[in-house]
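In my numbering, the protein residues as written are 1381 to 1647.
The following block contains the structure:
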């Protein structure tokens, strides 16, 4: 079989971008979620409203930000508000339709850890932390998650609850008084997952091109469940691939330029 004309990461980003609609108000995480959201904006969802944690609303960056404090976000935003207003009025006010998050660790119920690997007091690895993700996970109308599959990342039990997904499964969110939907979609570099309607355990509903059930199971730390009507993820179109690659090329060039400029000043 010949090699596909795209990478697993490109497939993941494009599959994630397709889940977003023109009318969505999306709270965007840095990294893979940002790439997916901006590909959606540049292709099929030009009127999507992208919100970043620093308070930028309706931002339309030409390059991907390195952090929520990237000036590109403010420069291209329709409006920039204070962080308290962003969280209290927009997020907790129910005005965000999609929260788009990444994860260092995730379990079968969509609970996310971005705090520590290992014991909290004496961790093997200390991660960046939650930032606004815990609030995004509970207050956005629904949550999309994107991450590359590995047994280190997709685990039976996460080391720390940073962002609450479906807890122990079932109606756990409702029992805690959380009325938003929680995680409704997980997009990895191998497959698309959705929570079971009753148990809320993530189930594989679509395999990306060239991926087998065995490949999914080998990179997951729990016993994977597959949908009865398992589908094939449509491969990226030429336009989708070109849009993503052009975006990343602009980003690489901009960051390289910034690094070079800094070096010349310091030198």
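Every residue gets a Cβ at the ideal spot worked out from N, C-alpha and C, and that includes glycine.
Residue 1430 and residue 1463: beta carbons closer than 8 Å? Against the chain shown, residue 1430 aligns to sequence position 50. Against the chain shown, residue 1463 aligns to sequence position 83. The answer is no: Cβ separation not under 8 Å.
For residue 1435, collect the residues of the same chain with a Cβ closer than 8 Å to its Cβ; drop the 5 residues on either side in sequence, then sort them by chain order. Reading the chain shown from its first residue, position 55 is the one you call residue 1435. Shown here for residue 1435: same chain residues with a beta carbon closer than 8 Å to its own, the five before and five after excluded, namely 1460, 1461, 1462, 1463, 1465 and 1466 in chain order.
Pick out the complete beta strand (DSSP E) segments inside the stretch 1568 to 1623, 3 residues or longer, and give them in chain order. With a minimum length of 3 residues, the continuous beta strand (DSSP E) runs that stay inside the stretch 1568 to 1623 are 1571 to 1575, 1582 to 1587 and 1606 to 1612.
Give every residue of the same chain whose Cβ lies closer than 8 Å to the Cβ of residue 1445, excluding the five residues on either side of it in the sequence, and list them in chain order. Here residue 1445 is taken as the residue at index 65 of the chain shown, counted from 1. Taken in chain order, the residues that qualify are 1410, 1414, 1432, 1452 and 1453.
Assuming residue 1538 is part of the alpha helix (DSSP H), what are its boundary residues? Residue numbering aside, residue 1538 sits at position 158 when the chain shown is read from its first letter. For residue 1538, there is no enclosing alpha helix (DSSP H), as DSSP gives it neither H nor E.
Helix, strand or coil for residue 1505? Go by DSSP, reduced to three states. To locate residue 1505, count along the chain shown from 1; it is residue 125. DSSP places residue 1505 within a strand segment (E or B) once states are collapsed to three.
Does the pairing of the stretch 1472 to 1492 with the stretch 1516 to 1523 give three or more beta-carbon distances under 8 Å? Judged by Cβ distances under 8 Å, the stretch 1472 to 1492 makes contact with the stretch 1516 to 1523, as three or more pairs qualify.
Considering only residues of the same chain and omitting the five flanking positions on each side of residue 1635, which have a CB-CB separation below 8 Å? On the chain shown, residue 1635 is found 255 positions in, with the first residue counted as 1. 1443 and 1446, listed in sequence order.
So, are the CB atoms of residue 1595 and residue 1568 less than 8 Å apart? Walking along the chain shown from the start, residue 1595 turns up at place 215. Walking along the chain shown from the start, residue 1568 turns up at place 188. Their beta carbons are not under 8 Å apart, which means residue 1595 does not touch residue 1568 by this criterion.
Tell me whether the beta-carbon of residue 1394 lies closer than 8 Å to the beta-carbon of residue 1620. Position 14 of the chain shown, counting from 1, holds the residue named residue 1394. Position 240 of the chain shown, counting from 1, holds the residue named residue 1620. Yes, the pair counts as a contact, with Cβ atoms nearer than the cut-off.
Just to confirm the assignment: which complete alpha helix (DSSP H) runs, minimum length 4, are found wholly within the stretch 1460 to 1527? Taking only runs of at least 4 residues, the alpha helix (DSSP H) segments lying wholly in the stretch 1460 to 1527 are 1513 to 1519.
If distances are taken between C-alpha atoms only, which option among 1440, 1612, 1561 and 1501 comes closest to residue 1585? Translated into the one-based positions of the chain shown, residue 1585 becomes position 205. Selected option, being the one with the closest Cα: 1612.
Looking at the unbroken alpha helix (DSSP H) that takes in residue 1394, where does it start and where does it end? On the chain shown, position 14 is the one that residue 1394 refers to. Residue 1394 -> alpha helix (DSSP H) spans 1388 to 1398.
Would you kindly work out how many angstroms separate the C-alpha atoms of residue 1551 and residue 1581, rounded to a whole number? The count along the chain shown starts at 1 and reaches residue 1551 at position 171. The count along the chain shown starts at 1 and reaches residue 1581 at position 201. Those two C-alpha atoms are separated by around 11 Å.
Please name the residue, chosen from 1499, 1566 and 1618, that lies closest to residue 1481 on a Cα-to-Cα basis. In the chain shown, counting from the first residue as 1, residue 1481 sits at position 101. Taking each of 1499, 1566 and 1618 in turn and checking the Cα distance to residue 1481, the smallest one comes out for 1566.
Contact under 8 Å by Cβ, residue 1487 with residue 1536: Indexing the chain shown from 1 puts residue 1487 at position 107. Indexing the chain shown from 1 puts residue 1536 at position 156. With respect to residue 1536, residue 1487 sits close: the two C-beta atoms are nearer than 8 Å.
So residue 1504 and residue 1510 are supposed to be a Cβ contact under 8 Å. How far apart are they, rounded? Taking the first residue of the chain shown as position 1, residue 1504 is located at position 124. Taking the first residue of the chain shown as position 1, residue 1510 is located at position 130. Between the beta-carbon of residue 1504 and that of residue 1510 there is about 18 Å, and that puts the pair past the 8 Å contact cut.
Apart from the five residues on each side of it in sequence, which residues of its chain come closer than 6 Å, Cβ to Cβ, to residue 1391? The residue you call residue 1391 lines up with position 11 of the chain shown. Cβ within range, chain order: 1588.
Among 1427, 1476 and 1468, which one has its Cα closest to the Cα of residue 1458? Translated into positions along the chain shown, residue 1458 becomes position 78. Ranking the options by Cα distance to residue 1458, first place goes to 1427.
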